[in-house]
Structure formats: C-alpha cells, structure tokens
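First comes the structure, then the notes that go with it.
In full-length UniProt numbering, the protein residues as written are 1 to 269.
This is the structure in structure tokens:
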C-alpha cells in the first residue's frame with residue numbers, strides 16, 4: 001500500500017539514529033491511515049524508529065476493546081513492515097485521554113505525526129487533539145490536515161516551503177526544512193516578508209546539493225504560505241525564533257496553516 005511512495009527500502013530493519021522516534025496515532029479512520037503513511041515515510045527518510053500508538057477511552061478498557069486495539073496495531077504494523085522493511089516499527093496500546101496520553105509518551109526529540117478528523121468520523125487523533133499536541137510538544141510535529149492527502153509517488157516532485165522572519169538567520173525551522181528537502185531530493189523554497197534583512201541570491205545550490213529559492217512576499221505571512229501550500233510537498237514553520245522568543249509564526253499563522261493548508265505542515269522549535 002505504501003510501496004509507490006516510500007523510498008526504496010533496505011532488506012531489513014536496522015539500528016536507527018538516536019535523534020528520537022517518529023510517533024503516530026493509529027485509528028480506523030481515513031485520517032489515521034493517512035497519518036501512518038506520512039509517518040512511515042518520515043521514519044524511513046530520517047532513519048528513525050516508528051512507534052504506532054493507539055489510545056482508547058479509559059472507560060473502554062474491557063477485553064473486547066483491548067482485542068480490537070491489539071488487532072488494529074497488528075494489522076498496521078504488518079502493513080508498514082511489508083512495505084518499509086528498513087523501518088523498525090512497534091505498536092503500543094494505551095487507555096485515557098488521547099492528547100494527554102500522546103504527550104506523556106513523547107520524548108522531546110520525537111517527531112509526532114497527527115492526522116485530521118473530518119465529517120462524522122470520530123478519530124482518536126483528530127485535528128483539535130492535533131492542535132493541542134502540536135502546541136505542547138517540544139519537538140517537531142507534522143500535522144496532516146486532509147484525510148485523503150496521501151503523498152505523491154515522486155517525493156522530489158514538489159518543493160518543501162519554509163516560512164522565516166529573517167532569511168539571513170539559520171533557525172531550527174530552516175535547518176529542518178533544508179534537511180527534509182535534501183532527504184527528499186526536492187527544491188527548498190524560503191518565504192519571508194519583504195524588507196526583512198538582506199536577501200540571498202534568488203536561486204542557488206548549497207554544498208549539500210539542495211536547490212534553494214528565496215522569495216520575498218508582501219502582506220500577511222499566513223496568506224502567502226497558504227497560497228504556496230497548493231504546490232508544496234509540505235510547509236515548515238517555526239514556533240519560536242532562534243533565540244527562543246515567540247515569532248509571528250508561533251500563533252495565528254501556525255493555527256491558520258494547520259487548519260487551512262493544502263499540504264502537510266511541520267511545526268518546528
């Protein structure tokens with residue numbers, strides 16, 4: 001099911017990096033399936049372990065609920081192993097409030113992948129839960145807003161777009177975006193407000209082989225990023241600046257992107 005969109009895997013799971021795991025909430029919804037697809041791709045790209053977490057309400061901790069959750073995790077784990085054998089994957093069943101449990105399970109350097117809840121389906125990891133977890137988690141978060149938003153077959157076909165305040169400064173968001181673009185083999189587009197510091201050359205290729213295009217935009221940053229999301233593989237925005245101070249991207253812009261972007265959104269820092 002994932003074979004056409006995950007990079008060619010190795011023959012078997014290997015020891016992953018110490019940079020933290022990729023953690024994703026698993027449920028029976030289309031949003032849950034889409035989140036797992038994106039999580040498997042990120043785990044393989046970044047050579048991280050993949051942890052599947054299924055949370056059920058504390059009151060539903062009976063034998064049938066446990067069996068259902070265990071079977072769901074088993075099916076999902078087998079699917080990931082079949083299509084991405086290089087990824088070390090494990091499943092975990094927990095009971096309680098989904099956001100609370102997920103936050104408790106996360107280490108600061110874990111990448112958490114969060115799906116959307118659409119229509120009448122009550123996914124355990126819905127958008128409201130995703131917003132809370134993305135806001136509280138200290139590490140990177142990937143929010144996949146649209147249930148049917150599966151990655152395209154070619155990871156290099158569309159650019160990674162990152163929003164920055166100052167294009168001359170290296171921030172965690174910019175660093176993450178560059179790494180993501182390098183691993184995918186795609187272009188990196190850097191969007192920043194017009195007049196915010198010196199502007200690097202419009203298009204250049206760095207020593208890591210990443211083609212970088214700088215674009216100054218006027219007006220609201222959220223509007224520019226939302227427009228760019230239509231043609232992007234993913235957006236990357238920072239919650240804070242390099243010195244830890246809150247930036248305009250940390251509040252309304254992040255919320256607007258999580259709720260309205262036409263592609264997945266990474267929240268960094």
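Glycine included, each C-beta is placed from N, C-alpha and C at the ideal position. Fair warning: this is a prediction, and the values are worked out from it, not measured in the lab.
| Query | Result |
| --- | --- |
| Cα-Cα, which of 27, 136, 22 is closest to residue 39? | 22 |
| Since residue 99 and residue 133 should fall inside the 8 Å C-beta cutoff, what is the C-beta to C-beta distance between them, to a whole number of angstroms? | 5 Å |
| At which residues does the beta strand (DSSP E) containing residue 96 begin and terminate? | First-last for residue 96: undefined, no H or E at that position. |
| What did DSSP end up calling residue 204 once you bin it into helix, strand or coil? | strand |
| What are the boundary residues of the beta strand (DSSP E) that includes residue 191? | 188-193 |
| Could you work out which residue in 212, 157, 145, 154 is closest to residue 175 when comparing CA atoms only? | 212 |
| Please list, in chain order, all residues of the same chain as residue 70 whose beta carbon is under 7 Å from its beta carbon, the five residues on each side excluded. | 93 |
| Over what stretch of residues does the alpha helix (DSSP H) that includes residue 73 continue unbroken? | 63-83 |
| Can you give the beta carbon distance from residue 185 to residue 156, rounded, assuming they're within the 8 Å contact cut? | 4 Å |
| Report buried or exposed for residue 263, applying the criterion of at least 16 other Cβ atoms within 10 angstroms of its Cβ. | buried |
| Measuring only the C-alpha atoms, how far is residue 242 from residue 170? | The predicted model places residue 242 with a pLDDT of 46, which falls under 50 and marks its position as unreliable; any figure quoted below should be read in that light. Residue 242 and residue 170: Cα-Cα distance of roughly 8 Å. |
| Any idea what DSSP makes of residue 21, helix, strand or coil? | coil |
| Buried or exposed for residue 90, going by 16 or more other Cβ atoms inside 10 Å? | exposed |
| Let me make sure I understand the geometry here. Which of 214, 73, 168 has the alpha-carbon closest to that of residue 188? | 214 |
| When the Cα of residue 50 is compared with those of 20, 66, 34, which residue comes out closest? | 20 |
| Which same chain residues end up closer than 6 Å to residue 139 when comparing Cβ atoms and leaving out the 5 residues on each side of it in sequence? | 108, 109, 110 |
| Whose CA, out of 143, 158, 191, lies closest to the CA of residue 166? | 191 |
| Taking 8 Å as the cut-off, decide whether the C-beta atoms of residue 42 and residue 103 are in contact. | no |
| Contact check, residue 160 vs residue 261 under 8 Å by CB: the rounded distance? | Actually they do not touch by this definition, with Cβ atoms about 13 Å apart. |
| Put residue 11 into one of helix, strand or coil per three-state DSSP. | Only weak support exists for where residue 11 lies, its pLDDT of 41 falling under 50; the coordinates are left without a value. |
| Can you look up residue 47 in the DSSP assignment and give me helix, strand or coil? | coil |
| Does the Cβ-Cβ distance between residue 101 and residue 55 come in under 8 Å? | yes |
| Tell me the rounded alpha-carbon separation between residue 193 and residue 88. | 41 Å |
| Could you name the residues of the same chain whose beta carbon sits closer than 7 Å to that of residue 245, not counting the 5 residues immediately before and after it, in chain order? | Note on residue 245: pLDDT 47, under 50, position unreliable in the model; the coordinate value appears next. So no residue of the chain qualifies. |
| Using a Cβ-Cβ cut-off of 7 Å (strictly less than) and excluding sequence neighbours within five positions of residue 177, which residues of its own chain qualify? | 160, 162, 188, 236 |
| Measure the alpha-carbon distance for residue 266 versus residue 65 and round it to whole angstroms. | 32 Å |
| Go ahead and pull the three-state DSSP assignment for residue 106. | coil |
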